[in-house]
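Residue 34 in this note's numbering sits at position 29 of the sequence shown, with consecutive numbering throughout.
Note that beta-carbon positions come from the ideal geometry of N, C-alpha and C, so glycine has one too.
Okay, structure first, notes after.
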Amino acid sequence: MQLIAITGMLHQPKAALTRALIDALTTDTDRLALIDNSDIPLMLNDVTRRRLAGGCVCCSLAAALIPLVWRLDADYALLPVSSSADPQALALTLDSLRGGRVQITTIALIDTMTQDRHPHLARKLAFYSDIVLYEPFAYEEVVHAAVRLSL
């Protein structure tokens, strides 16, 4: 299974990228799941969805995320992550999931305000991600990159 974690501060870009990835990865043969840890629940009805609310998957919900991922019966899983996630703690949690069955790609969406007001956080998001996308966000490019990494 390919797990794609989507990080960043802003909800709308994460929701838009999640929708674009769902559209790109949905086929007749592949199974897709959504593990929703975003700050605002994603309203997507055409995909198997599990909501992990009330905390962040990097710390307080890590104990719920790990067995959930191991039990998922899917070819792809999308994980939009809460904006409160610490990039380093998230990387450690995701590393604990890596194995023969689970491959992980982390995408960071870094907006202009985060770059200007929180440059240390922007650097951490970029450092702990496989794919980094800066505002203005061009989703098509990152969708193609994520799909290529998952093959």
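In this structure, DSSP gives aspartate 28 a helical state, which the three-state scheme calls helix. Shown here, valine 147 sits in a helix according to DSSP, grouped into three states. In the DSSP assignment, valine 74 falls within the unbroken alpha helix (DSSP H) covering 67–76. Rounded to whole angstroms, the separation of the alpha carbons of arginine 106 and valine 74 is 10 angstroms. Contact between the segment 78–88 and the segment 29–44 is present, with at least three C-beta pairs closer than 8 angstroms. According to DSSP, valine 137 shares a beta bridge with Ala113. In the DSSP assignment, isoleucine 40 forms a beta bridge with Arg55. Measuring C-alpha to C-alpha distances from serine 89 to each of Asp100, Pro72, Asp78 and Ala58 identifies Ala58 as the nearest.
Within a 10 Å sphere around the beta-carbon of threonine 110 sit 16 or more other beta-carbons, which makes this residue buried.
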